[in-house]
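>
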Amino acid sequence: FFSLSFFRKAQLLFLSDMGTRPLHERLVEESLERNKARAAALNTGRQRPMTRLQTRLAASASDEYAGSGGFLPEDSVDIADFGNEQYMDTGIDDNGVMYHVYEIPPDASDDSFNFSDGFQYHQEADEDDTSSSGVIDVESFDDRSADSQGVELAEHDYESASYLQLQAAWRQQAAWEAQAAKEAEERIPEEYNEYMMERLELEQHTEETAAVRAVEEAKKAEEARKQRLRDERARLAKERNAELMRREQELHESRTLEKRQARLKHEEAALASEVKNREKQLRKRTEQQSIERLAQLAHEQDVEAKIARLAGEMEEQKERLRVMRAEREAQERDLEQQEVDLEEARFKAAAKKEERIKATKEYDDHPISVAARYSRQCTICLTANPRRRATLIACGHMMCATCAEQMSEGPGSSAGQFACPYCRKTTGFVQTFEDPEEIQEVIRPMTPEVSTTTPRKRKADDIIMSSPQGKLPRPPLYKILYRT
């Protein structure tokens, strides 16, 4: 009932896969395969009906086998030919309990049992002839056995012989399993060494692969760093070019605004000159008309007197008077037209002035002008007053007018000369103005001889046009005042 070739094939198939798997997994697999082979070997026979005696024998044998831990007793009998199908079938039920099924031939009798030969019986019929006559009815067989006295002895001998043969078969199976386990244990060190060699080779290959990968990653990182540097340089160059273009555009806009302001100022001066000329002409014409009107009135009085005295000449004198009145009305209309032209010229001049003021305000509100205005901060008192500044004559340094006046009047100064706080040169200062209205305020309280000069002449004589620091919102006007 047990096939050695089947067990060896399963064992060889299992050992062929041992070199590629861990040791503990191989041992577990080997144990499982051994149990499966044992179960398959025990379930190879055909199922046959059992008698009451056979059922008791199978139960007692299975209990003894289970209690022995899977090993047969040492006092077992010699191994019999227990693989013959005419003796028994062995199986394991669902609960793991091993049972045996025995068969008694249909033609068995008392003299057919040979107890000296390990309980063998004769079977004349064919093994495959499993007709209904070959299956023994348990109840009928027990009834027939009860009629004879020798049946009890035969059953006792049959039970003893079957039990001994089962023990021999179990012992042989245990010996085969022990031999297979011993061979497997002997092969464990060799297989473990092979497994460790393969594992070392795999680890070495993994380390080499990791080193190559690390070199490749370092190269990639270096390339990425160089690419980042190139991108950063390109970005900085782009930003620098954009900044240069922005500055050029701001400079162009500043120059355009300065040109526009100069053009508007020139147009305003031309219109102001035209207004003055028209006013002068109007005054002359008005004076002339006043003189002529007085003369005409005197003449009219004379004519009226003559009309009163000379009735004959009244009609002629009236006609002449009418003509003179018509001429006077024409002159008055001409004078009114000139006054209208004067008002129109004044309106145009006012519009140009408003346009100039608007352009000046736009220029002052420009970001460049605002930046230039706030950049003129006094480094001494830390105040920004662009309309009251002072420039030192000897060195050109600048500060607010208040600080310059305090230094010129403070200790260590003489005759308006003091030491420059930046370079320590002895110098005076020049007060600057950036608004023409402030210049007029300074000019008014001066002597009558100076105040009689026109603003245009005053600007040519005493005002110096300059542009400190090169970036002022508009060309300022400087009034030179020497402290004495």
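With UniProt numbering, the residue at position 388 of the sequence shown is 388, and numbering never jumps. A virtual CB, placed ideally from N, CA and C, is assigned to each residue, including glycine. Treat the numbers as computed from the prediction; the structure is a model and nothing was measured.
1. Ends of the beta strand (DSSP E) at L403?
2. Taking the beta strand (DSSP E) that A390 falls in, what are its first and last residues?
3. With a CB to CB cut of under 6 angstroms and the five nearest residues on each side skipped, what residues in its chain are close to R356?
4. Would you kindly work out how many angstroms separate the C-alpha atoms of I291 and K306, rounded to a whole number?
5. Using the rule of at least 16 other Cβ atoms within 10 Å of the residue's Cβ for burial, across every protein chain shown, is Q165 buried or exposed?
6. Which residue's Cα is closest to the Cα of C381: M407, I393, A394, K358?
7. Kindly give me the distance between the Cβ atoms of Q338 and R285, rounded to whole angstroms, as I take these residues to be in contact under 8 angstroms.
8. Roughly how far, in whole angstroms, is the beta-carbon of K425 from the beta-carbon of C395, given that I think they are within contact range, below 8 angstroms?
9. Please determine if the region 318-331 and the region 295-305 are in contact, where contact requires at least 3 C-beta pairs separated by less than 8 angstroms.
10. Express the C-alpha separation of R171 and E186 in angstroms, rounding to a whole number.
11. Note down, in chain order, each residue of its chain lying with its Cβ closer than 8 angstroms to the Cβ of A345, except the 5 sequence neighbours on either side.
12. Identify every residue that forms a DSSP beta bridge with S273.
13. Thinking just about the alpha-carbon of each residue, which of Q289, E343, V340 is nearest to the one in E329?
14. Please name the residue in A359, E30, I393 whose C-alpha comes closest to that of A180.
15. A390 and Q417 - do their beta-carbons sit closer together than 7 angstroms?
16. Checking the sheet assignment: what are the DSSP bridge partners for F418?
17. Per DSSP, what are the beta-bridge partners of M398 in this structure?
18. Measuring straight from C-alpha to C-alpha, what distance separates H266 and K353?
19. Using a 10 Å radius around the Cβ and a threshold of 16 neighbouring Cβ atoms, would you call M162 buried or exposed?
20. Could you tell me the distance, in whole angstroms, from the CA atom of E216 to the CA atom of T206?
21. On the criterion of 16 or more Cβ atoms from any shown chain inside 10 Å, does A308 qualify as buried, or is it exposed?
22. To the nearest angstrom, how far is the alpha carbon of R199 from that of A214?
23. Tell me the rounded alpha-carbon separation between T256 and E250.
24. Express the C-alpha separation of K219 and E208 in angstroms, rounding to a whole number.
25. Tell me the rounded alpha-carbon separation between R191 and E201.
26. Mapping the DSSP letters down to three states, classify A311 as helix, strand or coil.
27. Taking A262 as the reference, give the member of G412, A359, Q227 with the closest Cα.
28. Give the C-beta separation of M324 and Q296 to the nearest angstrom, bearing in mind that I take them to be a contact with Cβ-Cβ under 8 angstroms.
29. Can you give the Cα-Cα distance for Y422 and C400, rounded to whole angstroms?
30. How many angstroms separate the CA atom of K36 from the CA atom of A178?
31. Just verifying my parser: in three-state terms, what is the DSSP assignment at I380?
32. Can you tell me the Cβ-Cβ gap for C378 and H397, rounded? I've got them flagged as a contact below 8 angstroms.
33. At the level of alpha carbons, what is the spacing between R293 and D341?
34. By the three-class DSSP mapping on this structure, what secondary structure does S31 have?
From the atom records:
1. First, the residue type needs correcting, since residue 403 is Cys and not Leu in the sequence shown. Run containing C403: none in the beta strand (DSSP E); it sits in the alpha helix (DSSP H), 401-409.
2. A390 -> beta strand (DSSP E) spans 389-392.
3. Closer than 6 angstroms at the Cβ level, and outside the excluded window around R356, lie L264, E268.
4. Spanning the two alpha carbons is a distance of roughly 22 angstroms.
5. Buried.
6. Distance from the Cα of C381 is smallest, within the candidate group M407, I393, A394, K358, for M407.
7. Yes, they are in contact, since the Cβ atoms of Q338 and R285 sit about 7 angstroms apart, within 8 angstroms.
8. Contact flag correct, Cβ pair sits at about 5 angstroms.
9. With a cut-off of 8 angstroms, the region 295-305 and the region 318-331 count as touching, because enough Cβ pairs lie within range.
10. Straight through space, the alpha carbons of R171 and E186 are spaced by roughly 22 angstroms.
11. Around A345: L271, E274, V275, R278.
12. The partner list for S273 (beta bridge, DSSP) is empty, contrary to what the question assumes.
13. Here the closest residue by C-alpha is Q289.
14. With distances taken between Cα atoms, A180 lies closest to E30.
15. For the pair Q417 and A390, the CB atoms are not nearer than the 7 angstroms cut-off.
16. Answer is T427, bridged to F418.
17. Answer by DSSP bridge pairing, in chain order: T391.
18. Approximately 11 angstroms, taken between the alpha carbons.
19. As written in the sequence, residue 162 is Ser, which differs from the Met given in the question. By the 10 Å Cβ count, S162 comes out buried.
20. For E216 and T206, the distance between alpha carbons rounds to 15 angstroms.
21. Per the 10 Å Cβ criterion, exposed.
22. The alpha-carbon atoms of R199 and A214 are separated by roughly 22 angstroms.
23. Looking at the two C-alpha atoms, the distance is approximately 10 angstroms.
24. E208 and K219: Cα-Cα distance of roughly 17 angstroms.
25. Position check: residue 191 holds Glu in this sequence, whereas Arg was assumed. When rounded, the distance between both Cα atoms is 15 angstroms.
26. Three-state DSSP puts A311 in coil, outside helix and strand.
27. The residue from G412, A359, Q227 with its alpha-carbon nearest to that of A262 is A359.
28. Between Q296 and M324 the Cβ distance is about 6 angstroms, and since that is below 8 angstroms, they are a contact.
29. So the alpha carbons of these two residues sit roughly 14 angstroms apart.
30. About 16 angstroms.
31. DSSP places I380 in coil when its eight states are reduced to three.
32. Between C378 and H397 a beta carbon distance of about 11 angstroms is seen, past the 8 angstroms cut, so the two are scored as non-contacting.
33. Spanning the two alpha carbons is a distance of roughly 22 angstroms.
34. Here S31 sits in helix by DSSP.
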